[in-house]
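Novice: Quick one: structure below, then a few questions.
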Amino acid sequence: MQPGMLAIATIAIFCAASAGAAHAQTMSAEEARTIEFGKGIFKEKANCQYCHKWDASGDTGYGGIALSLRKTALTREQLTDVVKCGRPLTGMPYHDRLSYTDKRCYGATREELGKDAPPMGEFLSAREIDAVVKYLFAKVIGHGPSTYEDCVDFWGSSTRQCEPMKK
Amino acid sequence: MKSLAFAGALTCSLLAATTLTPVKAADMTQERALSVAKEPQNWLLHHGNYEGHRFSQLKEINTDTVKNLKAVFSVALGGFESGGRYKFGNLEGTPLVENGMMYVTDGWGSVYAIDVSSGKKGLIKWKFDPGVDRPWAGDVACCGVNNRGVALWKDKVISIALDGRMFSLDKATGEMVWERKIADPAIAETITMAPLVVRDVAIIGVAGGEFGVRGWIDATDLNTGKQVWRTYTIPGAGEPGNETWKDGKERWKHGGGSVWETATYDAESDTFYQGIGNAGPDWDPEYRPGDNKWAASVLALSPNDGKIKWGYQYTPNDPYDFDEISEHPLITASVNGQDRKLVVHAARNGFFYALDRTNGSFVAGKQYVDELNWTTGLDPKTGRPLNYNPSSDVQVYSPGSHSSRAKPLSEKLCPSHFGGKNWQPTAYNPELKLLYIPSVEGCNQVETVEQKDLEDQGGPIKFRERFAGGGQKTTQALYGSLKAVDPTTGETKVRLKLDYPNWSGALATAGNLVFIGHADGALTAHDAKTLKEVWSFNVGTGINAPPISYSVNGKQYIAVLAGSRQSPFVQGLAPELKNTSTASMLYVFGL
Numbered sequence: 176m177q178p179g180m181l182a183i184a185t186i187a188i189f190c191a192a193s194a195g196a197a198h199a200q201t202m203s204a205e206e207a208r209t210i211e212f213g214k215g216i217f218k219e220k221a222n223c224q225y226c227h228k229w230d231a232s233g234d235t236g237y238g239g240i241a242l243s244l245r246k247t248a249l250t251r252e253q254l255t256d257v258v259k260c261g262r263p264l265t266g267m268p269y270h271d272r273l274s275y276t277d278k279r280c281y282g283a284t285r286e287e288l289g290k291d292a293p294p295m296g297e298f299l300s301a302r303e304i305d306a307v308v309k310y311l312f313a314k315v316i317g318h319g320p321s322t323y324e325d326c327v328d329f330w331g332s333s334t335r336q337c338e339p340m341k342k
Numbered sequence: 233m234k235s236l237a238f239a240g241a242l243t244c245s246l247l248a249a250t251t252l253t254p255v256k257a258a259d260m261t262q263e264r265a266l267s268v269a270k271e272p273q274n275w276l277l278h279h280g281n282y283e284g285h286r287f288s289q290l291k292e293i294n295t296d297t298v299k300n301l302k303a304v305f306s307v308a309l310g311g312f313e314s315g316g317r318y319k320f321g322n323l324e325g326t327p328l329v330e331n332g333m334m335y336v337t338d339g340w341g342s343v344y345a346i347d348v349s350s351g352k353k354g355l356i357k358w359k360f361d362p363g364v365d366r367p368w369a370g371d372v373a374c375c376g377v378n379n380r381g382v383a384l385w386k387d388k389v390i391s392i393a394l395d396g397r398m399f400s401l402d403k404a405t406g407e408m409v410w411e412r413k414i415a416d417p418a419i420a421e422t423i424t425m426a427p428l429v430v431r432d433v434a435i436i437g438v439a440g441g442e443f444g445v446r447g448w449i450d451a452t453d454l455n456t457g458k459q460v461w462r463t464y465t466i467p468g469a470g471e472p473g474n475e476t477w478k479d480g481k482e483r484w485k486h487g488g489g490s491v492w493e494t495a496t497y498d499a500e501s502d503t504f505y506q507g508i509g510n511a512g513p514d515w516d517p518e519y520r521p522g523d524n525k526w527a528a529s530v531l532a533l534s535p536n537d538g539k540i541k542w543g544y545q546y547t548p549n550d551p552y553d554f555d556e557i558s559e560h561p562l563i564t565a566s567v568n569g570q571d572r573k574l575v576v577h578a579a580r581n582g583f584f585y586a587l588d589r590t591n592g593s594f595v596a597g598k599q600y601v602d603e604l605n606w607t608t609g610l611d612p613k614t615g616r617p618l619n620y621n622p623s624s625d626v627q628v629y630s631p632g633s634h635s636s637r638a639k640p641l642s643e644k645l646c647p648s649h650f651g652g653k654n655w656q657p658t659a660y661n662p663e664l665k666l667l668y669i670p671s672v673e674g675c676n677q678v679e680t681v682e683q684k685d686l687e688d689q690g691g692p693i694k695f696r697e698r699f700a701g702g703g704q705k706t707t708q709a710l711y712g713s714l715k716a717v718d719p720t721t722g723e724t725k726v727r728l729k730l731d732y733p734n735w736s737g738a739l740a741t742a743g744n745l746v747f748i749g750h751a752d753g754a755l756t757a758h759d760a761k762t763l764k765e766v767w768s769f770n771v772g773t774g775i776n777a778p779p780i781s782y783s784v785n786g787k788q789y790i791a792v793l794a795g796s797r798q799s800p801f802v803q804g805l806a807p808e809l810k811n812t813s814t815a816s817m818l819y820v821f822g823l
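Line order of the protein sequences matches chains A and B.
Residue numbering for the first sequence follows the working numbering, starting at 176 and increasing by one per position.
Residue numbering for the second sequence follows the working numbering, starting at 233 and increasing by one per position.
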């Protein structure tokens, strides 16, 4: 990463974290519902956690090499585009059913990208994409390493899943 | 009278307290297990017989009559629930059938005893739910929420659950008699395979090769529910084979070599043949210089004490994830005019192997997949990959076929890291002397990420985190094949291209048919000599489980579990399957 980009990324993370903190204090019931809905998309419907791990800290394995979203420098708009369009040349799938049917994603069609086109993921509506992006900015992006409390928030308290994180 | 009743009760309770479970008339015994050919109406063992043939002697359904085969009933099962990384439980189980009762499992380990004796419907007589902590177990399941079936022993059903427990269930009621915790998800150990029962022990192995486990095979005394022995597939310090881990940092302690499909068993020599999984981490072989025994191997072991009689390694220092856990059928046949006792294997690395099962020596090997680029062939004497270099600690097989720390993305790997053939079992027709291999064809890429150590070895990787040393990348659709192979030479006699990679496994019958399931929901029957499709029925959701055959009152049936989640690497590259729904169903077919 170049120094200029690092500065932008740092600002982005700072802003995101600040926005998240500010949000936590003033979040409306509607916003809270949207974030919970977005969590469901991340956890089950689009199954983002299969590759990115439950806390979105990135992973290796059968899902391919998935990046950490906790450390991402992407803006909301960029993240929305990646969810919609996936990432060509990687295993990150696209989730907008119209991606690559025309040039809406990276100015390219499926035919033009050929085998470099990203795989097809679970199709999500604009509302669902908006919710998963809101969830990631509220709970993940810029929040540092996940904690025991984050784990319980994600999985609930009826499982041993978070026990290893208990201090 | 009172004292007599008391004495009787005392005797009964003393009997119950002894370590031997009494045998009843209809009990599953070792004698029956060794003579399943006398009970063609039943499917008593996971692979049909101990030899792993998945062959039914029934022939009411045959090449002439199969055109009249139709669905006769179906039964909705459960096990859909999400857990950990997975949206659904899968169905990969092989049903067992004994005298009109069928025993099947769903992915979360629930056991269903289904009365199929009427031939008109399946009535679930009892269901046992092991109550798995789904996020806890599911988050360390490599590749899905799976359970491949149960075993029968005396008047019990022996089952397992993903979270590492084994259960002894009353066959009549489903009531649990005992449970034993064998594998521990706290260190990423899970169990997915159907137990192999030999005499009074149940043999299972541990899954978790992508999470830094050290693989093992474990035997449980079914009379007591206690451990009899445990043998690690990755040899410990001082044991033969440990010298093939040359890192000097005791990385064999997390060396993989998992075990997740049922072994075959040879009663004559009292030996079972267990396929062993990939070395860990999968895709960073520089982390584990050396041949990494007994990963990517077959082991011949004694069921009495778990001692290793011999081992044969297919892909030393495997950089591909060529996990060789799948079945190793036993075939006795004439090779160059001599009767040979063979153990054979359609390997994930794309070669068919025939070994002498008495000593593990190589007899024959041949490529069975359409495309194979990772090596130039097998040494005709040893079966070793031709470009294996015995003086090198990190193998460099064909350039571009695997990744490395210096070149983290491979160019093209054929067969793909999925195989060849994955766990899905072959079937063998002893009358035609043909082995049917349901395969995955095509290529993909593998990637290397330098693996960091686990926390107990001073590294930052915590237990239950991935320990794969990279990943895989599949950008082009894979396809499948059904191949009829001569098991003495590996020569492919007949081949049939399939639209989708095969994830179901095969059934061969004396009616000269071969049955396989498909990702698009089709169950098809093929002429065993030509492989031409002679019958098909589409259940409307993918089939990832092997079919079986049984009969009731003289009428033959074909049964298969259907509805499993399809791999995103199949669905994501096959737009026509995109909207396939998951289900959880048993389908039964008859004339």
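Where a beta carbon is used, it is the ideal one built from N, C-alpha and C, also for glycine.
These numbers come from a predicted model, not from an experiment.
1) The beta strand (DSSP E) with glutamine 788 of chain B in it runs from where to where?
2) Along chain B, in chain order, which residues have C-beta atoms closer than 7 Å to that of tyrosine 290 of chain A?
3) So, is the C-beta of leucine 805 of chain B closer than 8 Å to a C-beta in chain A?
4) Is lysine 573 of chain B helix, strand or coil when you go by DSSP?
5) Considering just the uninterrupted stretch of the beta strand (DSSP E) at histidine 227 of chain A, what are its terminal residues?
6) Who are the near neighbours of serine 813 of chain B in its chain, counting only those whose CB is closer than 7 Å to its CB and skipping five residues on each side?
7) With DSSP run on the structure shown, which of helix, strand or coil describes histidine 198 of chain A?
8) For lysine 639 of chain B, is the classification buried or exposed, using 16 other Cβ atoms within 10 angstroms of its Cβ as the cut-off for buried?
9) What is the C-beta distance between proline 367 of chain B and glutamine 336 of chain A, in whole angstroms, given that I count them as a contact (C-beta under 8 Å)?
10) Could you name the residues of the stretch 327 to 338 of chain A whose beta carbon sits closer than 7 Å to any beta carbon of chain B, in the order they occur along the chain?
11) Does the Cβ-Cβ distance between asparagine 549 of chain B and glycine 522 of chain B come in under 8 Å?
12) Could you tell me whether any Cβ in chain B is nearer than 8 Å to the Cβ of alanine 197 of chain A?
13) Of all the residues that make up the stretch 234 to 255 of chain A, which are near chain B by a beta-carbon distance shorter than 9 Å?
14) For glycine 592 of chain B, tell me which candidate among B/Lys725, B/Trp606 and B/Val575 has the shortest Cα-Cα distance.
15) Whole angstroms is fine: what's the gap from serine 566 of chain B's alpha carbon to glycine 615 of chain B's?
16) What residues from chain B crowd round proline 320 of chain A, counting only those whose CB sits closer than 7 Å?
17) In chain order, what residues of the same chain lie with their CB nearer than 6 Å to the CB of arginine 397 of chain B, ignoring the 5 residues before and after it?
18) How would you call aspartate 752 of chain B, buried or exposed, if buried means at least 16 neighbouring beta carbons within 10 angstroms?
19) Below 8 Å on C-beta distance, what does glutamate 219 of chain A contact in chain B?
20) Per DSSP, methionine 425 of chain B is paired with what?
21) What's the gap between the Cα of threonine 284 of chain A and the Cα of threonine 680 of chain B?
22) Whose Cβ in chain B lies nearer than 7 Å to the Cβ of tyrosine 310 of chain A?
23) Could you work out which residues of chain B lie near glycine 266 of chain A, taking near to mean beta carbons separated by less than 7 Å?
24) So which residues on chain B does alanine 225 of chain A lean against when the C-beta distance must stay under 7 Å?
25) Measure the Cβ-Cβ separation of alanine 528 of chain B and glutamate 500 of chain B and say whether it is below 8 Å.
26) CB-CB under 8 Å to histidine 198 of chain A, same chain, minus the five flanking residues each way: which ones, in chain order?
27) According to the neighbour-count rule (16 or more other Cβ atoms, all chains shown, within 10 Å of its Cβ), is tyrosine 323 of chain A buried or exposed?
28) For the putative contact between glycine 447 of chain B and glycine 509 of chain B, defined by C-beta atoms under 8 Å, what is the C-beta separation to the nearest angstrom?
29) If alanine 791 of chain B and alanine 815 of chain B are in contact, beta carbons under 8 Å, what's the gap, nearest whole angstrom?
30) Expressed to the nearest angstrom, what Euclidean distance is found between the alpha-carbon atoms of lysine 218 of chain A and alanine 303 of chain B?
31) Alpha carbon to alpha carbon, how far is tryptophan 477 of chain B from phenylalanine 650 of chain B?
32) Can you check DSSP and say which residues form a bridge with glycine 749 of chain B?
33) With a threshold of 8 Å between beta carbons, is glutamate 679 of chain B in contact with chain A?
34) Count Cβ pairs between the stretch 377 to 395 of chain B and the stretch 336 to 344 of chain B that sit closer than 8 Å; are there 3 or more?
35) For aspartate 202 of chain B, which option in B/Ala586, B/Ile540 and B/Glu723 has the closest C-alpha, if you only look at C-alpha atoms?
36) Are any of the Cβ atoms in chain B nearer than 8 Å to that of methionine 295 of chain A?
Specialist: On the basis of the supplied data:
1) Element bounds for glutamine 788 of chain B: 787 to 794.
2) Rather than tyrosine, the amino acid found at residue 290 of chain A in this sequence is lysine. Thr707 and Gln708, listed in chain order.
3) Answer yes: the Cβ-Cβ gap between leucine 805 of chain B and chain A drops below 8 Å somewhere.
4) Residue state, collapsed to three classes: strand.
5) Note, histidine 227 of chain A: premise wrong, no beta strand (DSSP E); alpha helix (DSSP H) at 224 to 227.
6) Excluding residues within five positions, the ones whose Cβ falls inside 7 Å are Thr773.
7) The pLDDT assigned to histidine 198 of chain A is 48, lower than 50, so where the model puts this residue is not dependable, and the model offers no usable value.
8) Lysine 639 of chain B is exposed by the Cβ-count criterion.
9) In this structure, proline 367 of chain B and glutamine 336 of chain A form a Cβ contact; the two beta carbons are roughly 4 Å apart against a cut-off of 8 Å.
10) Under the 7 Å Cβ criterion, the stretch 327 to 338 of chain A contributes Trp330, Thr334, Arg335 and Gln336.
11) Asparagine 549 of chain B places its beta carbon less than 8 Å from that of glycine 522 of chain B.
12) Any reading at alanine 197 of chain A must be qualified, since the residue scores a pLDDT of 44, below 50, and its modelled position is unreliable; the value itself is stated next. False, the Cβ-Cβ gap to chain B never drops below 8 Å.
13) Hits within the stretch, in order: Asp234, Thr235, Gly236, Tyr237, Gly238, Gly239, Ile240 and Ala241.
14) Looking from the CA of glycine 592 of chain B, the closest CA among B/Lys725, B/Trp606 and B/Val575 belongs to B/Val575.
15) Rounded to the nearest angstrom, the gap between the Cα atoms of serine 566 of chain B and glycine 615 of chain B is 19 Å.
16) Here the premise fails: no neighbours, minimum Cβ distance about 11 Å.
17) Around arginine 397 of chain B: Glu411 and Lys413.
18) Looking at its Cβ environment, which holds 16 or more other Cβ atoms inside 10 Å, aspartate 752 of chain B is buried.
19) Close to glutamate 219 of chain A, with beta-carbon spacing below 8 Å, are these residues of chain B in chain order: Ser314 and Lys319.
20) Per DSSP, none; premise fails for methionine 425 of chain B.
21) For threonine 284 of chain A and threonine 680 of chain B, the distance between alpha carbons rounds to 30 Å.
22) For tyrosine 310 of chain A, there are no C-beta contacts with chain B under 7 Å, since the nearest C-beta of that chain is about 17 Å from it.
23) Ordered by position in chain B, the residues that pass the 7 Å Cβ test against glycine 266 of chain A are Lys705.
24) First, the residue type needs correcting, since residue 225 of chain A is tyrosine and not alanine in the sequence shown. The contact set of tyrosine 225 of chain A on chain B, defined by CB atoms closer than 7 Å, consists of Arg317 in chain order.
25) Against a cut-off of 8 Å, the Cβ pair of glutamate 500 of chain B and alanine 528 of chain B comes out as no contact.
26) Annotation note: pLDDT 48 at histidine 198 of chain A (below 50); position unreliable, no value reported.
27) Exposed: under 16 other Cβ atoms inside 10 Å.
28) Correct: roughly 6 Å between the Cβ atoms.
29) Distance from alanine 791 of chain B to alanine 815 of chain B at the Cβ level is roughly 16 Å; contact not present, criterion being Cβ atoms closer than 8 Å.
30) Looking at the two C-alpha atoms, the distance is approximately 37 Å.
31) Whole-angstrom Cα-Cα distance: 25 Å.
32) Glycine 749 of chain B is bridged to B/Leu755.
33) Chain A contact via Cβ: present.
34) Touching, yes.
35) Residue 202 of chain B is absent from the structure shown; chain B starts at 233 and stops at 823.
36) Chain B, which has a Cβ nearer than 8 Å to the Cβ of methionine 295 of chain A, makes this yes.
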